[in-house]
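Peer 1: According to mature numbering (1 follows the signal peptide of the UniProt record, and there is no 0), the residues represented by the sequence shown are -20 to -1, 1 to 308, in order. Following this message is one structure expressed as structure tokens.
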Amino acid sequence: MRGYSLLWVTALANVGLVQAHTFIWGVFVNGVDQGTFRGIRTPAYNGPPPRGYANSPVKNLESIDIRCNVLGDIQNPYTIKVQPGDNLTFDWKHNNRTLADDIIDFSHHGPMLAYLSPDPPTENSFVKIFEKGLYELPEKQFAPGKWAITSDLKPNYGRMNVRIPNGLKAGHYLIRAELIALHEADASYDKNPQRGAQFYPDCVQIEVTGDGTVELPAGVSFPGAYKYGDPGILHDVYCSTKTTSLKVPCTTTYPIPGPTVWSGAWPDTTAVSLGAVSGPITAPLWSSWISKSVVTSATYIGNSPSIVATSTYTASWSAKYVTPTPVA
Ligand SMILES: [Cu+2]
């Protein structure tokens, strides 16, 4: 047991100082909500106030945080049971779990992706099962075109659909869903840490049941799969029609980072109609952040953080599956 709650992180209405970011608040299985924050390894906010409210992105591609975000090794007490063919809808939200939520800042153009790995992950165990990137080219000069995050996820209330592969063998898995925001990706983080592509990975614990026989092929590792210079990670979203001199190669196409989608994944994902949200639509004012291996947790009175706990933390991934400790 750890002395701080990771489930109850939240964003504050006061977002004037920070940009609006997103993480998964709930998972629907075939349209049925599994409960707010259930089965989801909710990330820390990754920065002290005011950054602490922002769910700051992961930008260091060599960090373990690129796997399942900050605190991504820490299990959720609940695991979502699914069967091959089930349709999962991830409910990405920012401030609250309502249709009025702003999801993510409008500037955050980029792709959305999903990987599947046995739980716990091993070397090269993440297999890509879904991706969507730039799906419509810009009409005007210097325009970004239509991107999965800003033209699909954001207007669709943060809903992202993935399907459990046909015939997948029973067992415990993690789905690593990911958004990559490219508005500062014309620079590379290793050369300019103020800028660079912004990664928002978020992992969901599932247990596949049934008598499927299909095993996942070899995939990629996180960290490891992405490099700073990869096309699609070093990318200028506004460059496709520029004629001025350019810092990075300028293309009208966008190569989505990582491996190709596994042939065993569903070729298409379909939006299913969703039932009611089950569980809270807001979270208590709470934040947690990590600096030099110390986790600090705070509640908020107005805009003032009140620190409730600090503890040392180093990400530690088990080599074997461990049954999560249920909450009392
Ligand atoms: Cu941002």
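Cβ coordinates follow ideal geometry from the N, Cα and C atoms, glycine included. Quantities reported herein were computed from a predicted structural model and do not represent experimental measurements.
Measuring only the C-alpha atoms, how far is P304 from T262?
Peer 2: Approximately 24 Å between the Cα atoms of the pair.
Peer 1: Sorry if obvious, but does the Cβ on Q55 come closer than 6 Å to a heavy atom of ligand 3?
Peer 2: Ligand 3 is absent from the structure shown, which contains only ligand 1.
Peer 1: In its own chain, which residues sit with a C-beta less than 7 Å from the C-beta of T130, not counting the 5 before and 5 after it?
Peer 2: These residues qualify, in order along the chain: F86, H88 and H89.
Peer 1: Would you say N10 faces chain D, with C-beta separation under 7 Å as the test?
Peer 2: The chain inventory of the structure shown lacks chain D, comprising one protein chain alone.
Peer 1: For the alpha helix (DSSP H) containing R47, name the first residue and the last one.
Peer 2: Start and end: D45 to C48.
Peer 1: Under 8 Å Cβ to Cβ from G209, same chain only, skipping five residues before and after it: list those, please.
Peer 2: Excluding positions up to five away in sequence, the list reads S168.
Peer 1: Please identify the residue among K134, V7, G65 and E119 whose C-alpha is closest to the C-alpha of T249.
Peer 2: Comparing Cα-Cα distances from T249 to each of K134, V7, G65 and E119, the minimum goes to G65.
Peer 1: Which of helix, strand or coil does DSSP assign to I261?
Peer 2: If DSSP states are grouped into helix, strand and coil, I261 belongs with coil.
Peer 1: Tell me whether the beta-carbon of A157 lies closer than 7 Å to the beta-carbon of D182.
Peer 2: Yes, Cβ-Cβ distance for A157 and D182 is below 7 Å.
Peer 1: Mind checking which residues open and close the beta strand (DSSP E) that includes S286?
Peer 2: Element bounds for S286: S284 to T292.
Peer 1: By a C-beta neighbour count over all protein chains shown, 10 Å radius and 16 as the cutoff for buried, is K207 buried or exposed?
Peer 2: K207 comes out exposed.
Peer 1: Which of the three DSSP states is assigned to I155 in this structure?
Peer 2: If DSSP states are grouped into helix, strand and coil, I155 belongs with the strands.
Peer 1: Please state if the CB of P203 and the CB of E42 are separated by a distance shorter than 7 Å.
Peer 2: Yes, the Cβ-Cβ distance between E42 and P203 is below 7 Å.
Peer 1: Which of helix, strand or coil does DSSP assign to A278?
Peer 2: Looking at A278 - three-state DSSP - the assignment turns out to be strand.
Peer 1: Assuming I83 and L96 form a contact by the criterion Cβ under 8 Å, report the distance between their Cβ atoms to the nearest whole angstrom.
Peer 2: With 8 Å as the limit, I83 and L96 do not qualify as a contact, their Cβ atoms being about 24 Å apart.
Peer 1: Could you pull out every residue in the same chain whose Cβ sits closer than 6 Å to the Cβ of P239, ignoring the five residues on either side in sequence?
Peer 2: Hits under 6 Å: K108 and V200.
Peer 1: Cα-Cα, which of L148, I4, P23 and G113 is closest to G244?
Peer 2: Per the Cα distances, L148.
Peer 1: State the Cα-Cα distance for the pair R175 and C219, rounded to the nearest angstrom.
Peer 2: Looking at the two C-alpha atoms, the distance is approximately 17 Å.
Peer 1: For D191, does the count of other Cβ atoms within 10 angstroms reach 16, so buried, or fall short, so exposed?
Peer 2: Exposed, by the Cβ-count rule.
Peer 1: Excluding the five sequence neighbours on either side, which residues of its own chain have a C-beta within less than 6 Å of the C-beta of P306, listed in chain order?
Peer 2: Counting only Cβ-Cβ distances below 6 Å, and skipping sequence neighbours, we find P57.
Peer 1: With DSSP as the reference, label D166 as helix, strand or coil.
Peer 2: The answer is coil: DSSP assigns D166 none of H, G, I, E or B.
Peer 1: Write down the C-beta distance between V257 and R77 rounded to the nearest angstrom, noting that I regard them as a contact closer than 8 Å.
Peer 2: Contact flag correct, Cβ pair sits at about 6 Å.
Peer 1: State the beta-bridge partners of F70 as determined by DSSP.
Peer 2: Bridge partners of F70: V7 and M140.
Peer 1: Under 8 Å Cβ to Cβ from I46, same chain only, skipping five residues before and after it: list those, please.
Peer 2: Closer than 8 Å at Cβ, skipping near neighbours: V38, N40, F179, P181, F202, P203 and Y206.
Peer 1: So A165 and L214 are in contact, right, with Cβ under 8 Å, and what is the actual spacing, rounded?
Peer 2: Yes, A165 and L214 are in contact; Cβ-Cβ is about 6 Å, under 8 Å.
Peer 1: Quick one: is Y33 buried, meaning 16 or more other Cβ sit within 10 Å of its Cβ, or exposed?
Peer 2: Its pLDDT being 48, under 50, Y33 is placed unreliably in this model, and the value from its coordinates should be taken loosely. The residue in question, Y33, is buried, as its Cβ has 16 or more Cβ neighbours within 10 Å.
Peer 1: Which residues in the same chain as P197 place their Cβ atom closer than 8 Å to its Cβ, once the five residues preceding and following it in sequence are excluded?
Peer 2: V107, W242 and G244.
Peer 1: Cα-Cα, which of R139, V188, N146 and R143 is closest to W72?
Peer 2: Cα-wise, what sits closest to W72 is R139.
Peer 1: To test your reading of the DSSP string, which unbroken beta strand (DSSP E) runs of 3 or more residues are found completely within the region 171 to 202?
Peer 2: Those beta strand (DSSP E) runs which fall completely within the region 171 to 202 and span 3+ residues are 178 to 188.
Peer 1: Have a look at S277, L51 and S291 and flag the residue whose alpha-carbon is nearest the alpha-carbon of P285.
Peer 2: Nearest of S277, L51 and S291 to P285, Cα basis: S277.
Peer 1: Less than 7 Å between the C-beta atoms of V274 and T294, yes or no?
Peer 2: Not a contact, by the Cβ cut-off of 7 Å.
Peer 1: Which word fits G125, buried or exposed, when buried means at least 16 other C-beta atoms lie within 10 angstroms of its C-beta?
Peer 2: The residue in question, G125, is buried, as its Cβ has 16 or more Cβ neighbours within 10 Å.
Peer 1: Between the alpha carbons of N10 and V288, how many angstroms are there, rounded?
Peer 2: Looking at the two C-alpha atoms, the distance is approximately 39 Å.
Peer 1: Can you tell me the Cα-Cα spacing of D132 and K112, whole angstroms?
Peer 2: Approximately 9 Å, taken between the alpha carbons.
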